[in-house]
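What follows is one structure encoded as C-alpha cells, with my remarks underneath.
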Amino acid sequence: MYTRREFGALSAMALGGLALPRRLAAQIDSTVGGVKIGVQTYSFRALPRSVAIVEHDRTAVWPPGEDQSEAIIQAMTRCRIGDCELWSPMLEPVSGVGRDASPDARRQARDELRRWRVETPLSHFEAIRDRFTAAGLTIYGFNYSFDDSFSDDEIDRGFEIARALGAEIITASSTLSAMKRVVPFAARHQMVVAVHNHSNISDPNEFARPESFAAAMALSPYVKVNLDIGHFTAANYDPVAYLREHHASISNLHLKDRRRDQGANVPWGTGDTPIREVLQLLQRERWPIRAHVEYEYRGSGSPVDEVIRCYNYVKQALV
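When you read off a place in the sequence shown, starting at 1, and then add 21, the result is the number in the numbering used here.
If you want it as C-alpha cells, here you go:
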C-alpha cells in the first residue's frame, strides 16, 4: 500500500519526474500518418497504485482504495499517446489472494470483486473519465473480460461502467459460451463488444481461429473483433490477410510482436508479426481502425520507456 507521497516518488522514478498538470490540458493527438494510435493500458500494469483520487459514496460496500488510474494518466502523458483501451483490473481492488489460496478464499475474493463492480457508484467512474479528459486523453475502449463466472448483474454493470468512463466499445478476452449470455446486454445498451483473441487454437470455446471470430459475430451485429496481431501470428494465421478480408468487422488492433508456432513475445521487429505491413495497410486503405500498442515482451526499460520505443517503431513505419 502506498501513501500519496510514496506514490509520487515512485511515479517520478518510473515516469521521469513528470508531474501531471491539474488544469485542463489540450487533447493529445497520437494520430500518425492518418492512423489512430493508442495504447492498451495493460502495458503499464507494473506501475504503482495510488489512493483513488475520486469521491466515493460512503454507503458503498467497498471502501475507497487504490487503483492505477493516476499512473495511466501520467504514463500516457509522458508517452504523448492520447487514446487508450483501459484494462479493467487497473481500476479494481486487488484481492490479495495468492495462487496457493484455498478454494473458499478464492470464492470469497471473487464474490467481493463482483460486489465492488455492481455496487461502486457510477460517479466513481465518471470522475476517472473527467480526469482523463482534463489530461487530454480519450478512453476509447473498456477492456472488461466476461467469463462464465459473471452474474447477469455483473455483465450489465460492465456496460454501465463503460458508458460512465466515456468508452465507445467494450473489448473482452472472453469465450464463445460467455458471449452467448453477453449479446442481449450489448443489444440493450447498444454498445459493441469486440472479442479479443489469444493463440490457444486447441479450445473451440476460445477466440483464436478465424472461425471462432465468425461464430461470435454470428451471435449479434453488436459483436466485432479486437484483433491481436501478435497472438494471431503465433497461432500461424496471417493478420494482413484477415485484415483485408474482415476490416469492416474489426474495431481495433493490438500491436505486439510474437514468433510463429506459439512463439514468445519479443521486442518489436525481432519476431514474425508483420506490424509494419499492418500499419501501412491501415494507412493506405484509410480504414477507421484504431491500432493500440500493447507492451508485453520482457523489456530492459520501464513500461513507459518500452511503450515509447514501440510508439517510435510505429512512427517509423508510417513515415
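Virtual Cβ for every residue (Gly too), placed ideally from N, Cα, C.
Can you tell me whether DSSP reads residue i as helix, strand or coil?
{"i": "Thr154", "result": "helix"}
{"i": "Arg135", "result": "helix"}
{"i": "Asp249", "result": "strand"}
{"i": "His219", "result": "coil"}
{"i": "Val244", "result": "strand"}
{"i": "Val335", "result": "helix"}
{"i": "Val340", "result": "coil"}
{"i": "Val214", "result": "strand"}
Shorter than 8 Å from the beta carbon of residue i to some beta carbon of chain D?
{"i": "Asp151", "result": "The displayed structure is made up of one protein chain only, and chain D is not part of it."}
Which value, in whole angstroms, describes the spacing of the CA atoms of residue i and residue j?
{"i": "Gln129", "j": "Arg136", "result": "11 Å"}
{"i": "Asp151", "j": "His145", "result": "10 Å"}
{"i": "Met238", "j": "Leu274", "result": "17 Å"}
{"i": "Lys57", "j": "Leu276", "result": "12 Å"}
{"i": "Asp78", "j": "Glu147", "result": "Confidence is the limiting factor: at Asp78 the pLDDT is only 44, short of 50, which leaves the residue's position unreliable, though a coordinate-based value still follows. About 13 Å."}
{"i": "Val82", "j": "Thr192", "result": "Summary for Val82: the model assigns pLDDT 42, below 50, so the residue's position carries little reliability, and this model does not support an answer."}
{"i": "Val118", "j": "Pro242", "result": "38 Å"}
{"i": "Gln304", "j": "Gln337", "result": "13 Å"}
{"i": "Ala199", "j": "Phe171", "result": "8 Å"}
{"i": "Pro295", "j": "Tyr258", "result": "11 Å"}
{"i": "Asn221", "j": "Gly320", "result": "24 Å"}
{"i": "Gly322", "j": "Trp108", "result": "21 Å"}
{"i": "Gln301", "j": "Leu339", "result": "6 Å"}
{"i": "Glu298", "j": "Ala126", "result": "47 Å"}
{"i": "Ala235", "j": "Leu45", "result": "43 Å"}
{"i": "Gln89", "j": "Asp326", "result": "18 Å"}
{"i": "Tyr318", "j": "Glu140", "result": "36 Å"}
{"i": "Asp174", "j": "Leu143", "result": "14 Å"}
{"i": "Arg70", "j": "Trp289", "result": "28 Å"}
{"i": "Glu113", "j": "Ala183", "result": "14 Å"}
{"i": "Val75", "j": "Ile149", "result": "Here the model assigns Val75 a pLDDT of 49, short of 50, so the residue's position is not dependable, and the following value carries that caveat. Going from the Cα of Val75 to the Cα of Ile149 covers about 7 Å."}
{"i": "Ala92", "j": "Arg280", "result": "30 Å"}
{"i": "Trp308", "j": "His268", "result": "7 Å"}
{"i": "Phe153", "j": "Thr159", "result": "7 Å"}
{"i": "Glu306", "j": "Ser123", "result": "52 Å"}
For residue i and residue j, which I take to be in contact (beta-carbon distance under 8 Å), what is that distance rounded to the nearest angstrom?
{"i": "Gly59", "j": "Tyr165", "result": "Gly59 to Tyr165, Cβ: 17 Å. No contact."}
{"i": "Ala188", "j": "Phe163", "result": "4 Å"}
Here's a check: name, in chain order, each residue in its chain whose Cβ is nearer than 6 Å to the Cβ of residue i, leaving out the five neighbours to either side.
{"i": "Lys245", "result": "Val213, Ala215, Ser270, Ser272"}
{"i": "Phe228", "result": "Val216, Asn218"}
{"i": "Asp293", "result": "Thr254, Arg280, Arg281"}
{"i": "Arg138", "result": "Glu175, Arg178"}
Any heavy atom of the ligand MG inside 7 Å of the beta-carbon of residue i?
{"i": "Cys100", "result": "The model depicted lacks the ligand MG and carries no ligand whatsoever."}
Looking only at its own chain, which residues have a Cβ that is under 8 Å from the Cβ of residue i, when we skip the five neighbours before and after it?
{"i": "Pro324", "result": "Ala35, Ser64, Phe65, Arg66, Ala67, Leu68, Ala96, Tyr316"}
{"i": "Tyr263", "result": "Pro231, Leu248, Phe253"}
{"i": "Val53", "result": "Val335, Lys336, Leu339"}
Quick one: what's got a C-beta closer than 7 Å to residue i's C-beta in the same chain, skipping five residues either side?
{"i": "Asp177", "result": "Phe206"}
{"i": "Ile329", "result": "Cys100"}
{"i": "His210", "result": "Phe180"}
{"i": "His313", "result": "Gly59, Val60, Gln61, Glu106, Asn273, Leu274, His275, Leu276"}
Which runs of the alpha helix (DSSP H) spanning at least 4 residues fall entirely within the segment 46-117, listed in chain order? 90-100
Going along the chain, which unbroken runs of the beta strand (DSSP E) with 3 or more residues stay wholly within the segment 147-204? 159-164, 190-193
Taking only runs that begin and end inside the segment 272-321, name each unbroken alpha helix (DSSP H) of 4 or more residues, in chain order. 296-306
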